[in-house]
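Novice: Just so we're aligned: the sequence shown equals residues 2 to 309 in the working numbering.
By construction, the Cβ of each residue, glycine as well, lies at the ideal position given by its N, Cα and C atoms.
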Amino acid sequence: MTDAASDQLAWEQRRRPVAAGAAVLAALLFVAGNIYLSLAVGQQPRGIGQQLAVLDRESTDYLIAALLLAGAYLLLGVTLAFLYRAVKHRRSQLPTAAFALTVFGAIVAPAAAVLTQVAAQDIAAEFLASGPRTVARANDLRRDSTALQVVSGLGFAANLALGTAMVFICLNALRTGLLSRFMGGLGVGIGILLAVPLIGKPLVPLLFLFWLSALAALLLDRWPGGRGPAWETGQATPWPTMAEQNAELERRRGALDRGRKPEGTTEEDREEYAGSDGPPATTSPDVRSSNGASKSSSRAKRKRGRRR
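#1: Look at the alpha carbon of LEU75 and the alpha carbon of ALA27, and state the distance between them as a whole number of angstroms.
#2: Check whether the segment 174–190 and the segment 142–150 are in contact - that is, three or more C-beta pairs closer than 8 Å.
#3: Skipping 5 residues on each side, what residues in its chain have a beta carbon closer than 7 Å to that of VAL197?
#4: Is ALA24 close to chain B? Criterion is C-beta to C-beta, closer than 8 Å.
#5: So what's GLN150 in DSSP terms, helix, strand or just coil?
#6: Spatial neighbours of GLY164 within its chain, please: C-beta separation below 6 Å, excluding the five flanking residues on both sides.
#7: Quick check: the segment 105–113 against the segment 65–75, are at least 3 beta-carbon pairs closer than 8 Å?
#8: Out of curiosity, what's the CA-to-CA distance linking SER7 and PRO241?
#9: Three or more C-beta pairs closer than 8 Å, one from the segment 78–86 and one from the segment 39–46: is that the case here?
#10: Spell out a yes or no on whether the segment 229–238 and the segment 42–59 are touching, meaning 3 or more CB-CB pairs, one atom from each, closer than 8 Å.
#11: Applying the 10 Å Cβ sphere with the 16-neighbour rule, what's the burial state of ASP287?
#12: Along the alpha helix (DSSP H) that carries THR61, what are the first and last residues, could you check?
#13: Rank THR117, THR135, LEU142 by C-alpha distance to the C-alpha of GLU127 and give the top, closest one.
#14: Which of the three DSSP states is assigned to GLY226 in this structure?
#15: Please work out which residues of its chain come closer than 7 Å, Cβ to Cβ, to ALA139, disregarding the five sequence neighbours upstream and downstream, and give them in chain order.
#16: Less than 8 Å between C-beta atoms, sequence neighbours within five positions excluded: which residues of the same chain meet that for ARG92?
#17: Can you tell me whether ASP4 is buried or exposed? The criterion is at least 16 other CB atoms within 10 Å of its CB, across all chains shown.
#18: Could you pull out every residue in the same chain whose Cβ sits closer than 6 Å to the Cβ of ALA11, ignoring the five residues on either side in sequence?
#19: Mind the definition here: the segment 101–109 touches the segment 12–26 only if three or more C-beta pairs lie below 8 Å; say whether that holds.
#20: When you compare each of ALA107, LEU204, GLY186 to SER216 by their alpha carbons, which one comes out closest?
#21: Taking the alpha carbon of GLY227 as the point to measure from, which residue in GLY255, SER181, ASP258 has its own alpha carbon closest?
#22: Counting only the same chain and skipping the five closest in sequence on each side, list residues whose C-beta sits under 8 Å from that of GLN122.
#23: Just how far apart, CA to CA, sit GLN118 and GLY78?
#24: Mapping the DSSP letters down to three states, classify SER214 as helix, strand or coil.
#25: Excluding the 5 residues flanking MET167 on each side, which residues of the same chain have their C-beta closer than 7 Å to its C-beta?
#26: Mapping the DSSP letters down to three states, classify GLU268 as helix, strand or coil.
#27: Pick out whichever of VAL136, GLY106, ARG134, LEU210 has its Cα sitting closest to the Cα of GLY154.
#28: Between the C-alpha atoms of ARG17 and GLU251, what's the straight-line distance to the nearest angstrom?
#29: Can you say whether GLY132 is buried or exposed, counting buried as having 16 or more other CB atoms within 10 angstroms of its CB?
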């Protein structure tokens, strides 16, 4: 193993707990933000006028939900940055732009999530303060709000950046063997949903909860069946297929069985084995009973001789 690989593995060993913790917290915050808002608001309002009224009345709850989402985006960026460096060391073909997109998305997405709520609350306050409360006026206020248009555009760009970075990183992590095909493919799918928020938006928090939690287990070496060898070698090593994993499991079981003491080994055999070069021979029940019968017969003959 080269010095560069040793240094990289040492860095990963130090940073893995941080990345795993960030992944777990991000997963929880993605779900917590949605659950909190659902519990606080209750039934979703219908129509833009009613939405603005609820937004003005529950402004604090909307802001708290936005802060939870902002924390989730930031922690997601921390996890992706760790995964980027691990992949980049093993596969130089990973575009450097993936890291730049990760940093941009992790910084801008949280800010956009909070500022979007602030701008929307300003529109809601103006809508309810004066003037007719019609759908046309609500649409005009939202369309004419420069602040809302700017932060909404930044939020879309940040989601696109994070989603694109996630696709690149997960795809290359799959190719280097850091992620299994299932985890890599799921990560690519979530990245696409994140980059294009119009499709599958309700599923994204739940998918993040599963994927990030599973990634944390993998980083902490708690993955069922063990993680890929690329994490230990510091080089691109394909993740073992299911057939290869089963073959390795059978090989280990066979080695374990060969290393066990055969049944039927007696104490005398073990004492003899301590001074010999080979394992004690297994004594079958028939042989043991035959030996016992011979010894009993010999003792009986000696007793008859003494009586005479």
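Specialist: In brief:
#1: Stepping through the sequence shown from its first residue, residue 75 is reached at position 74. Stepping through the sequence shown from its first residue, residue 27 is reached at position 26. If I take the Cα positions, the gap works out to 8 Å.
#2: no
#3: On the sequence shown, residue 197 is found 196 positions in, with the first residue counted as 1. Excluding sequence neighbours, VAL197 sits near nothing in its chain.
#4: Absence of chain B from the displayed structure is noted, only one protein chain being present.
#5: The residue given as residue 150 occupies position 149 in the sequence shown. It is helical.
#6: Taking the sequence shown and counting its residues from 1, one reaches residue 164 at position 163. Excluding positions up to five away in sequence, the list reads GLY192, LEU195, ALA196.
#7: yes
#8: Numbered from its first residue, the sequence shown carries residue 7 at position 6. Numbered from its first residue, the sequence shown carries residue 241 at position 240. Each residue's Cα considered, the two are about 23 Å apart.
#9: no
#10: no
#11: As a working mapping, residue 287 is identified with position 286 in the sequence shown. Interpretation of ASP287 is limited by its pLDDT of 47, a score under 50 that renders its predicted location unreliable; the figure taken from the coordinates is listed afterwards. With fewer than 16 Cβ atoms within 10 Å of its Cβ, ASP287 is classed as exposed.
#12: As a working mapping, residue 61 is identified with position 60 in the sequence shown. Looking at the DSSP string, the run of the alpha helix (DSSP H) that includes THR61 is 60–91.
#13: Residue mapping note: residue 127 aligns to position 126 of the sequence shown, counting from 1. Out of THR117, THR135, LEU142, LEU142 has the C-alpha closest to the C-alpha of GLU127.
#14: As a position in the sequence shown, residue 226 is number 225, starting the count at 1. Here GLY226 sits in coil by DSSP.
#15: Here residue 139 refers to the residue found at position 138 of the sequence shown. For ALA139, where only same-chain residues beyond five positions count, the Cβ hits under 7 Å are ILE49, GLY50, LEU53, PHE128.
#16: Position 91 of the sequence shown, counted from the start, is the residue given in the question as residue 92. The residues are ASN173, ARG176, THR177, ALA237.
#17: Within the sequence shown, numbered from 1, the residue matching residue 4 stands at position 3. Classification of ASP4: exposed, given that the 10 Å Cβ count is below 16.
#18: Position 10 of the sequence shown, counted from the first residue, corresponds to residue 11. Taken in chain order, the list of residues that qualify is empty.
#19: no
#20: Within the sequence shown, residue 216 is the residue found at index 215, counting from 1. The sequence shown places Leu at residue 216, not Ser. Ranking the options by Cα distance to LEU216, first place goes to GLY186.
#21: Looking up residue 227 in the sequence shown gives position 226. Minimum Cα distance to GLY227 is reached at SER181.
#22: Looking up residue 122 in the sequence shown gives position 121. Excluding residues within five positions, the ones whose Cβ falls inside 8 Å are LEU56, ASP57, SER60, TYR63, LEU64.
#23: The residue you call residue 118 lines up with position 117 of the sequence shown. The residue you call residue 78 lines up with position 77 of the sequence shown. Computed Cα separation, rounded: 21 Å.
#24: One-based indexing of the sequence shown puts residue 214 at position 213. Note: SER214 maps to helix in three-state DSSP.
#25: For the purposes of this step, residue 167 is taken as the residue at position 166 of the sequence shown. So the list reads LEU81, GLY188, ILE191, GLY192, LEU195, once near-sequence residues are dropped.
#26: Residue 268 sits at position 267 when you count from the first residue of the sequence shown. The predicted model places GLU268 with a pLDDT of 48, which falls under 50 and marks its position as unreliable, so this point remains unresolved.
#27: As a working note, residue 154 is residue 153 in the sequence shown. Nearest of VAL136, GLY106, ARG134, LEU210 to GLY154, Cα basis: GLY106.
#28: For the purposes of this step, residue 17 is taken as residue 16 along the sequence shown, with counting starting at 1. For the purposes of this step, residue 251 is taken as residue 250 along the sequence shown, with counting starting at 1. Roughly 30 Å between the two C-alpha positions.
#29: As a working mapping, residue 132 is identified with position 131 in the sequence shown. Exposed, since its Cβ has fewer than 16 Cβ neighbours within 10 Å.
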